[in-house]
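J.: In my numbering, the protein residues as written are 9 to 312.
The beta carbon of each residue, even a glycine, is placed where N, CA and C say it ideally should be.
If you scroll down you'll find the structure; I have some questions about it.
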Ligand code: ASP
């Protein structure tokens, strides 16, 4: 069946955010074919985007924060065992997704942040890259107006294996010019990524502040649990957030989702967004439905 039918019986299946997710998906498929490991596939696939120096929103090529430092967020989840790991505000590490996986597999914890995460990465032998000279002058810190913030686009990748295993990962440099220490939705399990072995998985990209306040990816998975298709679940999550949020539909949020039956889908605010779908013999970039005020109905509900 063609991916455009939003269902495929082909396994493994990889779905990720944005057109740049296609190269990541292709690598994930290759890795799966040689290792048989869905987690390896997700980690190495996302690693392709993190290594791409021309990508200004993922990895060390990302737009720096307001003091010139790139701070990276990443998370990974394995449906089997409901395991998760994440890192946030991590500096100078080439592959935050791999550090997130190491947190999941080698520590009793789920999330490490900032200097602690960096020291862990150093101790574990991950590739460290020195920051550019002059970066990090905290005297320069001042709150940015929303108009100063730019360049957000995360890779979230979710995958379904031939044995029904569901895994996902997420990696980003977050909002360009953000305040030092700002953490977005991507490393927050249930925010920018959520995996549930009984149901499926979801991931997010867009303005993290508008996702993490609503446990966005968790909500998508819960809607699928109630019987919605992945696309319906993404659409209904955006509608629900828009109905509650004072910003209404002007949220800049997007979701991807897969379920255990191999159905997949996505939705975004405005004109929607592009996402990538890959399985053996087919790797395509699709456009999600977009939602505006006319789709959402009355919005900005909880104003008081
Ligand atoms: N969600 C990411 C963040 O807010 C950025 C993005 O995906 O556009 O950090």
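In whole angstroms, give me the CA-to-CA distance for residue 62 and residue 69.
T.: Approximately 6 Å, taken between the alpha carbons.
J.: Measuring straight from C-alpha to C-alpha, what distance separates residue 258 and residue 43?
T.: The alpha-carbon atoms of residue 258 and residue 43 are separated by roughly 42 Å.
J.: Under three-state DSSP, which class holds residue 213?
T.: Note: residue 213 maps to strand in three-state DSSP.
J.: Would the beta-carbon of residue 60 be found less than 6 Å away from any heavy atom of the ligand ASP?
T.: No.
J.: Report the three-state DSSP secondary structure of residue 102 (helix, strand or coil).
T.: Residue state, collapsed to three classes: coil.
J.: Per DSSP, what kind of secondary structure is residue 303 in: helix, strand or coil?
T.: Note: residue 303 maps to helix in three-state DSSP.
J.: Rounded to whole angstroms, what is the Cα-Cα separation between residue 128 and residue 301?
T.: Answer to the nearest angstrom: the Cα atoms are 45 Å apart.
J.: Taking the C-alpha atoms as reference points, what is the distance between residue 233 and residue 242?
T.: Computed Cα separation, rounded: 13 Å.
J.: Tell me whether residue 24 counts as near the ligand SAH, meaning its Cβ is closer than 6 Å to at least one heavy atom of that ligand.
T.: This structure lacks the ligand SAH; the ligands present are the ligand ASP.
J.: Using only CA atoms, which one of 192, 195, 265 lies nearest to residue 227?
T.: For residue 227, the nearest C-alpha among the options comes from 265.
J.: Which residues are close to the ligand ASP, meaning CB closer than 7 Å to any heavy atom, in chain order?
T.: Spelled out in chain order, the answer is 65, 81, 160, 161, 162, 180, 182, 183, 192, 193, 194, 200, 212, 213, 214, 215, 216, 217, 219.
J.: According to DSSP, what are the bridge partners of residue 287?
T.: Bridge partners of residue 287: 290.
J.: Could you tell me the boundaries of the beta strand (DSSP E) in which residue 229 lies?
T.: Run containing residue 229: none in the beta strand (DSSP E); it sits in the alpha helix (DSSP H), 224-233.
J.: Can you tell me whether residue 295 is buried or exposed, with buried defined as 16 or more other CB within 10 angstroms of its CB?
T.: The residue is exposed, with fewer than 16 neighbouring Cβ atoms inside 10 Å.
J.: Tell me which residue opens and which closes the beta strand (DSSP E) that residue 120 is part of.
T.: Taken as a continuous stretch (DSSP letters only), the beta strand (DSSP E) holding residue 120 covers 119-121.
J.: Between which two residues does the alpha helix (DSSP H) carrying residue 33 extend?
T.: Segment 29-43, the alpha helix (DSSP H) holding residue 33.
J.: Secondary structure at residue 137, three-state DSSP: helix, strand or coil?
T.: Coil at residue 137, not helix or strand.
J.: Which two residues bound the contiguous alpha helix (DSSP H) that contains residue 246?
T.: Run containing residue 246: 238-252, per the alpha helix (DSSP H) assignment.
J.: Where do the ends of the alpha helix (DSSP H) carrying residue 53 lie?
T.: Here the alpha helix (DSSP H) through residue 53 covers 46-59.
J.: How would you write the range of the beta strand (DSSP E) that residue 22 sits in, first residue to last?
T.: Run containing residue 22: 21-25, per the beta strand (DSSP E) assignment.
J.: For residue 91, write down the residues that DSSP places opposite it in a beta bridge.
T.: Paired residue(s): 86.
J.: The beta strand (DSSP E) with residue 168 in it runs from where to where?
T.: From DSSP, the beta strand (DSSP E) with residue 168 extends over 163-168.
J.: The beta strand (DSSP E) that contains residue 272, what's its start and end?
T.: Where residue 272 is concerned, the enclosing beta strand (DSSP E) stretches over 272-277.
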